[in-house]
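There are 2 protein chains.
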Amino acid sequence: MGVPYAGYSEAARQSIRAERLARPPLRRPQRPPADVAALKVLSAVAPLSEDERALVRKLCLYRESIPAGAEFAREGEAAPARLIVSGWACRQQSLPDGRRQIFGFLMAGDAIGLGLRPRPLDEVSTVAVTRVECVDALMLREILAVQDGRHAGLRNALAAARRYEEACLLDHVVRLGRQSAHERTAHFLLEWRQRCRVAGLADAERFPMPLTQEVLSDALGLSIVHLNRTLQHMKRERLIEMKRGWVEILDAYRLKFICDYQSRWPTVGGDGSSVSLVREF
Amino acid sequence: MGVPYAGYSEAARQSIRAERLARPPLRRPQRPPADVAALKVLSAVAPLSEDERALVRKLCLYRESIPAGAEFAREGEAAPARLIVSGWACRQQSLPDGRRQIFGFLMAGDAIGLGLRPRPLDEVSTVAVTRVECVDALMLREILAVQDGRHAGLRNALAAARRYEEACLLDHVVRLGRQSAHERTAHFLLEWRQRCRVAGLADAERFPMPLTQEVLSDALGLSIVHLNRTLQHMKRERLIEMKRGWVEILDAYRLKFICDYQSRWPTVGGDGSSVSLVREF
DNA sequence: CGCGGTCTTGAGCGCCCTCAATCGACGTGG
DNA sequence: CCACGTCGATTGAGGGCGCTCAAGACCGCG
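Taken in order, these protein sequences are the chains called A and B. Quick note, the first sequence lines up with residues 1 to 281 if you use full-length UniProt numbering. Quick note, the second sequence lines up with residues 1 to 281 if you use full-length UniProt numbering.
Below, the structure written as structure tokens:
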């Protein structure tokens, strides 16, 4: 009776995570202002003025480094304003018995704690999956709070990122509720590829996949073992190839067919105005 | 190979739905201004001034009736501004093979097409599950667009409703990704009860459940058959009782224990200010 | 009374789960 | 340089949750 397969007898997992969280974040010296992926993502949807680009570059001079496993923000707390420059983080919720569900991932160009009106999504636990380089975006937040015409591009870009995140959450619900393990995995990989491409992190059909299978399975609502077998199967079917933190899509067409994938990335009109995603912040 | 259990060989379902959508919405004569559930829901979080209450009541004089199965708004289109007075609707997405995932439900007091900044959630297909009475809320939308101090209560209430809907969506993800059929069902019923109570539709432990098991299963990511067996099991366990469109919770404590339920409804501080959900619209 | 929709129940099975062990890669300390 | 511990990926075995198919019961309605 009662609780059917409550899953994952993983007290171990819990303690490991707790230990990771204990490590304090490091602060690093300034770095040369590379043309960061963050800027690429932001300007992918809404065109940024040269002023705005300069502003972002300037922000990026003062980086902060968050080790893998550290928590950006705990559940229920408003996250400090940060813009991710590189690395990957996830939004998640844990159940009391150790089960975990990941809502989505954050990458370069994504912001947390920036919304003027907080969403519930901004108030769940957010954890760095890899080491994350980010910058304090409090200034950005205040700039955006001023609703004058300046920085309209930045405002649009950040609003688009928020909207895209929410759109992905809807896809996530469909995946979890109505798709099989193969479909979920295929769909997720295509979505991931899309994001990496926009950020300029992808190389043709190859893109980085820093997530362990444990993390991946907690996102896709599968067990580690079954996710592994699903990936193995897709390799054997010559759909994908994985090595050393990279994934290569061998047959994108078939993969899309399997899971009925259609990108949620906003299509940009000929005049440079985004059709569906860009709105006020 | 390829698509594992693609599920539900239900071409029938599709055609039935298509037929329902064909029926045009009816327009009914005015009705006496009952103290509608909508008003109850809106004032549950943010206190409304007498002016605001009068405004809502006035809006409610001109009702529109939408038959069960009709679509408020198609996918990708912005929905017309409406405030639901009674009845139930759902946000959903269909897969090409007929599978369907329901994102959530709308009840009295919920608004569609009212957001000044559209969310992806507002752009999915929205369908009336039962007959829905609603009112044109275009006026409301314009009133809210004026960011002066007046109608701050209404703005807060509607913003809270939006936030609550998003919070429920997160719970939905956890249910679908990491909970068993029993847990999902228990959790959903408790959430539903909570909403009915706030709306004043519940009677102690009894509350209306107008959803068919088909609809319920499409929300919970289960097959109809398995949902049925799950409900049967919960009845046999003396957890719930169901008859004629009503559910009675027999053992709320045990039900909460099963699924680790905790309400996302905003707790209201002693001074009447909502702690977490009320923000600007 | 026939009929369509919904709910129920039985049977069979397969997707996906858990448990458990192994292997490779990597970093650490002796 | 090698033994060792750890983490992640992999694989086998077994089983149960939840699926599909199918048929019958129930019920409101014209």
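Every residue, glycine too, gets a C-beta built ideally from N, C-alpha and C. None of these values were measured; they are calculated from a predicted model.
What does DSSP give as the partner residues of residue 126 (chain A) in its beta bridges? A:73 and A:91
In three-state terms, what does DSSP make of residue 49 (chain B)? coil
Please confirm whether residue 70 (chain A) and residue 128 (chain A) have their CB atoms less than 7 angstroms apart. yes
Distance cutoff 7 angstroms, beta carbons only. Does residue 39 (chain B) sit that close to anything in chain A? no
Could you work out which residue in A:254, A:139, A:116 and A:221 is closest to residue 174 (chain A) when comparing CA atoms only? A:221
If residue 41 (chain A) and residue 266 (chain A) are in contact, beta carbons under 8 angstroms, what's the gap, nearest whole angstrom? Not really, about 12 angstroms apart at Cβ, beyond 8 angstroms.
Enumerate, from N- to C-terminal direction, the unbroken beta strand (DSSP E) stretches of 3 or more residues contained entirely within the UniProt domain "HTH crp-type" (179–253) of chain B. 206–208, 240–243 and 246–249
When DSSP builds the beta bridges, which residues end up paired with residue 133 (chain B)? B:65 and B:86
Against chain A, does residue 105 (chain B) count as a neighbour if the rule is that its beta carbon must be under 7 angstroms from one of theirs? no
Burial state of residue 261 (chain A) (16 or more Cβ within 10 Å): buried
Consult DSSP for residue 153 (chain B) and reduce its assignment to one of helix, strand or coil. helix
Residues of chain A with CB closer than 8 angstroms to the CB of residue 124 (chain B), please, in chain order. 170
Please name the residues in the segment 109–138 of chain A whose beta-carbon is closer than 7 angstroms to at least one beta-carbon of chain B, in chain order. 117, 118, 119, 120, 121 and 124
Can a CB atom of chain A be found closer than 7 angstroms to the CB of residue 221 (chain B)? yes
So is residue 92 (chain B) in contact with chain A if we call contact Cβ pairs under 7 angstroms? no
Determine the extent of the beta strand (DSSP E) in which residue 106 (chain A) is found, giving its start and end residues. 100–106
Tell me the DSSP bridge mates of residue 112 (chain A)? A:82
Chain A partners of residue 96 (chain B), CB-CB under 9 angstroms? 260
Compare the C-beta of residue 101 (chain B) against all C-beta atoms of chain A and say whether one is closer than 7 angstroms. yes
Can you name the residues of chain A whose CB is closer than 7 angstroms to the CB of residue 177 (chain B)? 101, 176 and 221
Which stretch, first to last residue, makes up the alpha helix (DSSP H) that contains residue 121 (chain A)? Here residue 121 (chain A) belongs to no alpha helix (DSSP H), and DSSP marks it neither H nor E.
Return the first residue and the last residue of the alpha helix (DSSP H) that residue 141 (chain B) is part of. 138–145
Which one of A:239, A:85, A:57 and A:216 has the shortest CA to CA distance from residue 253 (chain A)? A:239
Contacts that residue 163 (chain B) makes with chain A (C-beta to C-beta distance below 9 angstroms): 117, 118, 119 and 120
Roughly how far, in whole angstroms, is the beta-carbon of residue 227 (chain B) from the beta-carbon of residue 185 (chain B), given that I think they are within contact range, below 8 angstroms? 7 angstroms
Any beta-carbon of chain A closer than 7 angstroms to the one on residue 166 (chain B)? yes
Collapsed DSSP secondary structure at residue 164 (chain B) in the structure displayed: helix
Thinking C-alpha only, which one of B:183, B:153 and B:172 is nearest residue 54 (chain B)? B:153
Report yes or no: do three or more beta-carbon pairs, one from the segment 175–183 of chain B and one from the segment 94–108 of chain A, lie closer than 8 angstroms? yes
With distances taken between CB atoms, is the gap from residue 68 (chain B) to residue 113 (chain B) smaller than 7 angstroms? no
Exposed or buried, what is residue 149 (chain A) when buried is set at 16 or more other beta-carbons lying within 10 Å of its beta-carbon? exposed
Between the CA atoms of residue 170 (chain B) and residue 81 (chain B) - distance to the nearest angstrom: 25 angstroms
Would you call the CB atoms of residue 249 (chain B) and residue 205 (chain B) closer than 7 angstroms? yes
Taking the alpha carbon of residue 111 (chain A) as the reference point, which residue from A:85, A:131 and A:97 has its own alpha carbon closest? A:85
Interface flag, residue 45 (chain B) vs chain A, CB-CB below 7 angstroms: no
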